[in-house]
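> Residue numbers (the working numbering), protein chains in the order written: chain Z, 1 to 272; chain V, 273 to 544.
Ideal Cβ positions, reconstructed from N, Cα and C, are used throughout, including at glycine.
These numbers were taken from a predicted model, which means no experiment stands behind them.
Below are the structure tokens for one structure; questions will follow.
Protein chains: 2
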Amino acid sequence: MIVNRAAFSMPTPYAEASALTTAHPPTGKPAPNNPIADDGDALHFCATCTFGQVCMPNGYDKSALRALHCLVEHIGPFPSGHHVFRSHDPFTAIYSVRAGMVKTSVVDDLGREQILGFFLPGEIIGLNAIYTERYPCNAIALDTIALCRFSFPAMVTLATRLPGLQEQLFRLMSKDIVKATLLAGDFSADERVAAFLLDLADRYAARGFSATRFRLSMPRADIANYLRLAAETVSRVLRRLQDQALLRIEGREVHLLQVDAMRHLARCVLHR
Amino acid sequence: MIVNRAAFSMPTPYAEASALTTAHPPTGKPAPNNPIADDGDALHFCATCTFGQVCMPNGYDKSALRALHCLVEHIGPFPSGHHVFRSHDPFTAIYSVRAGMVKTSVVDDLGREQILGFFLPGEIIGLNAIYTERYPCNAIALDTIALCRFSFPAMVTLATRLPGLQEQLFRLMSKDIVKATLLAGDFSADERVAAFLLDLADRYAARGFSATRFRLSMPRADIANYLRLAAETVSRVLRRLQDQALLRIEGREVHLLQVDAMRHLARCVLHR
DNA sequence: GCCTTCGCTTGATCGAAGTCAAGGCGCAAC
DNA sequence: GTTGCGCCTTGACTTCGATCAAGCGAAGGC
């Protein structure tokens, strides 16, 4: 079942190869926000999608690729606030973000939300649900989003036939383990905020979007929550970074001015 | 190559089934420390080993199981302080702890160690190295340890033939993702310490050891580092918990007295 | 024996970030 | 228009845990 696919035959993003290395020319207008991946076809994945790499290592295996496409379902769009899945829901599928931004969060015993991550187009959510066979977190749209849904049982079956897919799943999960440990250190508020912005910048760059100008889809409170800080602290740190001319921020529009200096500030969080 | 296997034909641990639910009778002596798994044979894994579960879901597949055994190498013993692997070493294998305790840690840009985890017999280390093909952390013995070494390339190949193995690897990695997020919350020192001790207790219980009496293999400084606290704070919290009669601790010997009260104290960390 | 070292504890002080409170700005509804 | 409501910022004060400093006891070397 392909849902609303036509609704997303939208402007394709900036050319992949060049955009990876070249920042967008300054336009005076805010950076492109809510970017959307192109939609792929029977033999090509959405350009930003992580699973596009599955076929790279060993060359194409057309029948297997077709099989992989058969278990993909394009779903959405969904409005901001939409729950992709909820904590404790039975685990049936993993999702690749196709457009917009998704946050994942857990709610502790007393109703306090803890944000686990923000997910950009091309990134995968749901891999942490395999162990318990239930999603251990909520996944909530921060924007209008669109997704690719991959039935996980079908994917597992296919992975035994398609070693490249199995490897890709191993790689993605391994990466998630490392990523989850990044925030666990005892870092200062400045280090955390700087690392957060640089991480976003790098991930935008990896998907072909500008690494120096982008829009934050989430409110300050969500950033603070994710970084385990108070919203007031995030606000103060951003002001400090702006006063030092490391960046400019107006509302949710970010413009990184001195990436190297920021990287130096965040070096303990990032380089390990 | 089987190394030093004879050296570990030691007393088998407490019977699995009963030990899972029954605490050891108090003996007046300290709890058994540095417990060791039995060694398995051609068709059975070491009793505590996580990979023993591989064959459970679908019944046995003897030829595949033999293949899995062929890629296992029993190594050790190694003394306290021994590096199983170091950060940036090429990734070749994952390890299951067979005896003793292993810690993993990263060292940041300025030489500060950050401990990522402590690993008990039966637990697996190295799964976070797949993505970069280099270990992203150090793994260091806290005790005299013994290990099972699984060649990862061989394991991946076998996993395509043995769906149960692939699933087990997915499960293990998925669990690691969830586990890595546990400490990331902003919890108080008391909550962290209580959760740490309960987590250890539960993991000992799952391996058939006492859940209420055990020995900490690591110095206070390592516990503090792992929990992102100062060693002095850990010391003070332990004293506080002891003053409230929740536990007794003498040096590194722990005796949990009021597990329910501890669990209540740590509920925000554990129940999510 | 003595001395050093290391791990642990305890007390006193300090500081980074949290909390509380107030106010501003943008935006949608009326 | 203005009212109300999020979202964000800023200032004043508090607090939890870090840091500094001292001391104790066990283990190991000589």
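1) Which residues mark the beginning and the end of the alpha helix (DSSP H) in which residue 223 of chain Z is found?
2) On the criterion of 16 or more Cβ atoms from any shown chain inside 10 Å, does residue 221 of chain Z qualify as buried, or is it exposed?
3) For residue 94 of chain Z and residue 117 of chain Z, which I take to be in contact (beta-carbon distance under 8 Å), what is that distance rounded to the nearest angstrom?
4) Tell me residue 138 of chain Z's beta-bridge partners as DSSP assigns them.
5) I need the boundaries of the beta strand (DSSP E) containing residue 95 of chain Z, first residue and last residue.
6) Return yes when the Cβ of residue 247 of chain Z is within less than 8 Å of the Cβ of residue 256 of chain Z, no when it is not.
7) Using the C-alpha atoms, what's the distance from residue 464 of chain V back to residue 521 of chain V?
8) Cα separation between residue 273 of chain Z and residue 149 of chain Z?
9) From residue 407 of chain V to residue 510 of chain V, what distance separates their C-alpha atoms?
10) Once the 5 residues before and after residue 108 of chain Z are set aside, which same chain residues still bring their CB inside 8 Å of it?
11) Is residue 395 of chain V helix, strand or coil by DSSP?
12) With distances taken from CA atoms, which of Z:86, Z:110 and Z:80 is nearest residue 99 of chain Z?
13) According to the neighbour-count rule (16 or more other Cβ atoms, all chains shown, within 10 Å of its Cβ), is residue 245 of chain Z buried or exposed?
14) Identify, in the order they occur along the chain, each residue of the same chain with its Cβ nearer than 6 Å to the Cβ of residue 513 of chain V, setting aside the five sequence neighbours on each side.
15) Within 8 Å (strictly less), CB to CB, does residue 138 of chain Z reach chain V?
16) Is residue 135 of chain Z close to chain V? Criterion is C-beta to C-beta, closer than 8 Å.
17) Could you list which residues in chain Z have their beta carbon closer than 9 Å to that of residue 506 of chain V, in chain order?
18) What is the residue span of the beta strand (DSSP E) that residue 76 of chain Z lies within?
19) Whole angstroms is fine: what's the gap from residue 483 of chain V's alpha carbon to residue 500 of chain V's?
20) Using the beta-carbon count (16 or more within 10 Å), is residue 415 of chain V buried or exposed?
21) For residue 176 of chain Z, does the count of other Cβ atoms within 10 angstroms reach 16, so buried, or fall short, so exposed?
22) Over the uninterrupted alpha helix (DSSP H) stretch that includes residue 441 of chain V, give me the two end residues.
23) Could you tell me whether the Cβ of residue 475 of chain V comes closer than 8 Å to any Cβ of chain Z?
24) Please return the same chain residues whose Cβ sits closer than 8 Å to the Cβ of residue 187 of chain Z, not counting the five positions on each side in sequence.
25) From this set, V:451, V:360 and V:457, which residue's C-alpha is nearest residue 472 of chain V's C-alpha?
26) Going by the beta-carbon positions, is the gap between residue 120 of chain Z and residue 263 of chain Z smaller than 8 Å?
27) Going along the chain, which residues of its own chain have a beta-carbon closer than 7 Å to the beta-carbon of residue 182 of chain Z, five neighbours each way excluded?
28) Counting only C-beta atoms, is residue 489 of chain V closer than 8 Å to chain Z at any point?
29) Determine the extent of the alpha helix (DSSP H) in which residue 264 of chain Z is found, giving its start and end residues.
30) Is there a Cβ of chain V sitting closer than 8 Å to that of residue 170 of chain Z, yes or no?
31) Give the C-beta separation of residue 405 of chain V and residue 363 of chain V to the nearest angstrom, bearing in mind that I take them to be a contact with Cβ-Cβ under 8 Å.
32) Please list the partners that residue 402 of chain V has in chain Z, where partner means a Cβ-to-Cβ separation under 7 Å.
33) Step through the CB atoms of chain V and report whether any lies within less than 8 Å of the CB of residue 261 of chain Z.
34) I want to verify the contact list: residues of chain Z whose CB lies under 9 Å from the CB of residue 425 of chain V, in sequence order.
35) Which class does residue 340 of chain V belong to by DSSP, given the choice of helix, strand or coil?
36) Quick check on residue 439 of chain V: buried or exposed, where buried means 16 or more other Cβ atoms within 10 Å of its Cβ?
According to the structure data:
1) 220-227
2) exposed
3) With 8 Å as the limit, residue 94 of chain Z and residue 117 of chain Z do not qualify as a contact, their Cβ atoms being about 14 Å apart.
4) Z:105
5) 93-99
6) yes
7) 17 Å
8) Only positions 1 to 272 of chain Z appear in the structure, and residue 273 of chain Z is not among them; the question remains open.
9) 34 Å
10) 114
11) coil
12) Z:80
13) exposed
14) 519
15) no
16) no
17) Here the premise fails: no neighbours, minimum Cβ distance about 14 Å.
18) 72-78
19) 24 Å
20) buried
21) buried
22) 435-454
23) no
24) 195, 268 and 269
25) V:451
26) no
27) 269
28) no
29) 259-265
30) yes
31) 5 Å
32) 170, 171 and 174
33) no
34) The premise fails here: residue 425 of chain V is roughly 11 Å from chain Z at the closest Cβ pair, so nothing lies under 9 Å.
35) helix
36) buried
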